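Sequence lines, in order, name chains H and F. Numbering-wise (this note's numbering), the first sequence opens with residue 2 and increments by one. Numbering-wise (this note's numbering), the second sequence opens with residue 522 and increments by one. The beta carbon of each residue, even a glycine, is placed where N, CA and C say it ideally should be. Model, not experiment: these values are computed from the prediction.
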Amino acid sequence: MIKGVGGEVLWVNLTKGSIEKRPLDEGIVKQYLLGAGYLSRVLTDMIPVGIDPLSPKNVLGIATGLLTGSMFPQASRHVIAALSPLTDIWGESHAAGFWGAELKLAGYDVIFFTGASHDPVYLNIRDSEVDLLDAEDLWGRDVFETDDLLHERHGRRCRTLAIGQAGENLVRYAAIMNDRDRASARSGLGAVMGSKKLKAICVRGTGKIEVADPDNYLRVMDGFYNRMLANPFTPERARYGTTNLVELMHNIGRLPSYNMRQGVFEGYMKISGEVITERYLVKPRADWSCLQRCGRYTAVRRGPYAYEGGSPEFESQSSLGSRCGNDNVESVLYAHHLANKYGMDTISLGATISWAMEAWDEGILTAEDTGGLDLSWGNHEVIVRLTEMIAFREGFGDLLAEGSYRAARRIGRGSERFVMAVKKQEIAGQEPRAQKSMGLAAVTAARGADHLYAFPVLDEAGFDDDIKKRFGEQYLPEMADRLNPKYKGIMVKECEDYMVVVESLGLCKYGTQIPPEFYYEDVAEALRVHNGLAFTVEELRTIGERIVNLNRMFNVARGVTRRDDNLPERLTKEPAPLGPPKGQIVELDEMLDEYYEQRGWDPETGVPRDETLERLGLK
Amino acid sequence: MAELRFVFGDPHVCTGCMICVNVCSMYYFKVIGPERARVRVLRIEPGLDFPLFCRNCEDAPCISACPENALTRTSKGVIIVNNRLCTGCGLCVDACPYYAIHINPDNGKAIKCIQCEECVRRCPVGAIWMTTERELAAHDSDGRLARLYEEHAAELYDRRGD
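1) Could you check the C-alpha separation between Met222 of chain H and Trp650 of chain F for me, to the nearest Å?
2) Can you give me the Cβ contacts of Val557 of chain H inside the same chain, cut-off strictly under 7 angstroms, excluding the 5 residues immediately before and after it?
3) Can you name the residues that DSSP bridges to Met421 of chain H?
4) Which stretch, first to last residue, makes up the alpha helix (DSSP H) that contains Trp100 of chain H?
5) Measuring CB atoms only, is the region 127-135 of chain H touching the region 195-207 of chain H, in the sense that at least three cross pairs come out at less than 8 angstroms?
6) For a test of the three-state rule: what should DSSP assign to Asp554 of chain H, helix, strand or coil?
7) Taking 7 angstroms as the threshold (C-beta atoms), are Gly264 of chain H and Leu256 of chain H in contact?
8) Let me check one thing: in DSSP terms, what residues is Ile624 of chain F bridge-paired to?
9) Starting from Leu246 of chain H, follow the beta strand (DSSP E) in both directions and report where the run begins and ends.
10) Kindly indicate if chain F contains any beta-carbon less than 7 angstroms away from that of Ala287 of chain H.
11) Taking 7 angstroms as the limit between beta carbons, can you name the residues of its chain near Val503 of chain H, skipping five residues before and five after?
12) Output the boundary residues of the beta strand (DSSP E) element that contains Asn329 of chain H.
13) Report the neighbours of Cys538 of chain F on chain H: residues whose CB is nearer than 8 angstroms to its CB, in chain order.
14) Are Ala117 of chain H and Lys58 of chain H closer than 7 angstroms when you measure CB to CB?
15) With hydrogens ignored, establish whether the beta-carbon of Asn179 of chain H is closer than 6 angstroms to any heavy atom of the ligand SAM.
16) With Thr347 of chain H as the anchor, note down where its alpha helix (DSSP H) starts and where it stops.
17) For the beta strand (DSSP E) containing Lys22 of chain H, list its first residue and its last residue.
18) Between the C-alpha atoms of Lys271 of chain H and Ala422 of chain H, what's the straight-line distance to the nearest angstrom?
19) Return no unless some Cβ of chain H is closer than 7 angstroms to the Cβ of Glu656 of chain F.
20) Taking one C-beta from the region 647-664 of chain F and one from the region 227-235 of chain H each time, how about it: are there three or more such pairs within less than 8 angstroms?
21) When the cut-off is 7 angstroms and only beta carbons count, does Val221 of chain H lie next to chain F?
22) List, in chain order, every chain F residue whose beta-carbon is nearer than 9 angstroms to that of Arg157 of chain H.
23) Check distances from the C-beta atoms of the region 510-529 of chain H to those of chain F and list, in chain order, the residues that come in under 7 angstroms.
24) When DSSP labels each residue in this structure, what does Val587 of chain H get in the three-state scheme?
25) Taking Lys551 of chain F as the query, report the chain H residues whose CB atoms sit under 9 angstroms from its CB, ordered along the chain.
26) What residues in the region 246-258 of chain H bring their beta carbon closer than 9 angstroms to a beta carbon of chain F?
27) At a Cβ threshold of 7 angstroms, is Met651 of chain F touching chain H?
28) On the DSSP letters alone, give me the boundaries of the beta strand (DSSP E) that Glu146 of chain H sits inside.
29) Would you mind giving the Cβ-Cβ distance between Phe397 of chain H and Ala360 of chain H, rounded to the nearest angstrom? I have them listed as a contact below 8 angstroms.
30) Pull up the CB-CB distance for Leu61 of chain H and Tyr174 of chain H, whole angstroms please, since I reckon it's below 8 angstroms.
31) Give a yes or no on whether the C-beta atoms belonging to Pro285 of chain H and Ala239 of chain H are separated by under 7 angstroms.
32) Quick check on the burial criterion: 16 or more other C-beta atoms within 10 angstroms. Buried or exposed for Asp180 of chain H?
33) Inspect the CB distances between the region 159-167 of chain H and the region 212-222 of chain H and report whether three or more fall short of 8 angstroms.
34) Please list the residues of the region 526-537 of chain F that have a C-beta atom closer than 8 angstroms to any C-beta atom in chain H, keeping them in chain order.
35) Cβ closer than 7 angstroms: which chain F residues qualify as neighbours of Gly628 of chain H?
36) How would you call His623 of chain F, buried or exposed, if buried means at least 16 neighbouring beta carbons within 10 angstroms?
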């Protein structure tokens, strides 16, 4: 009997309106843990090949991790997965907050939604009582209004997860929001919820989480707390969140600017963490058991961009700021606020607008296409206006709601070469010509372009000692050099394996990867005292590998091969024009060869070899 | 008798992380469960996180409300619950103006903060601290904290809707 979990899985058939409770499948947990791993196993088996992601045949899973709701530092997270309507392959997204811990306290670890409802509904969970309720009066409302109404109806202690209008309107990069401003944003899973007419999940759990080793629990967790607090990254994170990455990334030439034409932005100081902290920060906010508190609570007090709420983080500053050539910081904050309110991924949002801006700059898009909108670089009024138009699919916003890949296919005229995406998902805020590992990670990630699947940050900021610890001294200095492609295949493979384990435990990548404070032996100890599970470090590594290979097979079944593991030509053929990476390209093929070899995948096709699948029990 | 002490929190500093709550339920009941903690944390928008504790009132309405004399004040000024006498009737819960005492659903006994400071020691942001009415008045000389608690009293101490 696994301790430290809710113990039950909810199966909600939205077509029939039926709800079934089944015990957590401990056999799956032994092979795949919980969270991302559990969803990977169940959904790979359930989602048919060749379906429309927005049809009732898609299955949406939401899972907490084995340590979600524990006292481990930053143990707040849940993961959501389905076939992605943006990429048509594996879709997965994660968020922090309190919702996941609340689900555990109500007695559940995972929820699966099959079918689709005819009329809008929401799921209300209060401990053992689980009901599908009419959401007619919630449909059409934004995320904040929905949160307010659910609190009015079900008490102020409930926690909510919801889509806004973007999800209802099937924007292909709609987010699923929770606790108001936490976003499971990538992969467009908000549109899957919208297609199922599922508006929200409201949870109140008054139960308890029983841990495996109650006598030693606090002592062990105190040890983790003290290490996290003593780490020099913690006060830096507390002060700036991720906002000052703008300055740091500009300085290394890794700040995507002007649709990734370059990695430096002359207006970077205006949208910097320093400016946001000085002028707009109200307070840092944390999620369940979080010592890093990178969450920002900010306010613009007057003017056209006045708001108060949770925002921003680095990805939004770069996508809605430098990537669009926009140095108007209040518009960046406000557009982020609107993206939270309507429920959209700020990365794909800003990247899709910046694709349009470059096509405009090149004379491909004209006022005739845009309905008269002037898409000049840095036109902040248009960025804000488009954010609304996309959420409601109005005018030109309807085209951009499809994402840059589909929009470019429709427009044609050479605009395709400005699509900065991998497997139809827009590349996040890491200009890979300035950090080669990020270029490789973007192409190997299971959900299309993604910095988090591997989160290979060990070559970013002087983590030589950690590279030595995790890989061995023989890989220095090359592995720590972000411009050197050497050993990046080894690094990305290892980082992916560890990060999918972290995603299966419900932990944050802050603390496990940057800073790299906690590693396999630490999470193994947490699994012992919290869950009573005695995994060895080697077993956990194998589980990570198994999940990555399973995700790959999900995509292989949908036609993905080495050909799709590719970056836009700009990044592999055009030398970076400015700044510290000037003259650099991403040496992708060289890194991919090393990566496939590490993975045991065929170098020609990028498909896992039979012996690899057999070794991992996937054959 | 010593001056009455209590733990108090600043909703502008508190991040809402729940660490105090988890420490409390784990320290006393060896489980994670906010209903088993003697502290509550309530998030109120815009931007406030209130960590809420027993205020150790001088007139202690909880003591007078208890028909079993299960609540007493120790020589150090701490109000404690005698589990052998407590029947879980809930009259103390109704009497407390701060909703700072409630019934543990596992054993049916009243639980409240006894100022042990296990949470205070572990708060990562220093949002909670031990104080007295006199010290708090000096600390809050501009009345910022008093106003915040006053303005939101209806939500903070409302037992319904939990």
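So, to answer that:
1) Each residue's Cα considered, the two are about 21 angstroms apart.
2) Val608
3) Answer is none; Met421 of chain H lacks a bridge partner.
4) Trp100 to Ala107
5) yes
6) In the sequence as displayed, the identity of residue 554 of chain H is Met instead of Asp. In the structure shown, Met554 of chain H sits in a helix (DSSP, three-state: H, G or I).
7) yes
8) F:Ala631
9) Here Leu246 of chain H belongs to no beta strand (DSSP E); instead the alpha helix (DSSP H) covers Leu246 to Asn252.
10) yes
11) Lys510 and Thr513
12) First-last for Asn329 of chain H: undefined, no H or E at that position.
13) Ala287, Asp288, Trp289, Ser290, Cys291, Leu292 and Arg294
14) no
15) Questions concerning the ligand SAM fall outside what the structure shown contains, since it holds no ligand whatsoever.
16) Thr347 to Asp362
17) Ser19 to Pro24
18) 27 angstroms
19) It does not: the Cβ of Glu656 of chain F has no partner Cβ on chain H nearer than 7 angstroms.
20) no
21) no
22) Leu563, Arg564, Ile565, Glu676, Asp679, Gly682 and Asp683
23) none
24) coil
25) Glu211, Val212, Pro215, Asp216, Tyr218 and Leu219
26) none
27) no
28) Careful: Glu146 of chain H lies outside any beta strand (DSSP E), inside the alpha helix (DSSP H) at Val144 to His155.
29) Not a contact, Cβ separation roughly 12 angstroms.
30) Tyr174 of chain H and Leu61 of chain H do not touch by the CB rule: their CB atoms are close to 16 angstroms apart, not below 8 angstroms.
31) Taking 7 angstroms as the Cβ cut-off, Pro285 of chain H and Ala239 of chain H qualify as a contacting pair.
32) buried
33) no
34) His533, Val534, Thr536 and Gly537
35) The displayed coordinates of chain H run from 2 to 620. Any statement about residue 628 of chain H would go beyond what the structure contains.
36) His623 of chain F is classed as buried because its beta carbon has at least 16 other beta carbons within 10 Å across all chains shown.
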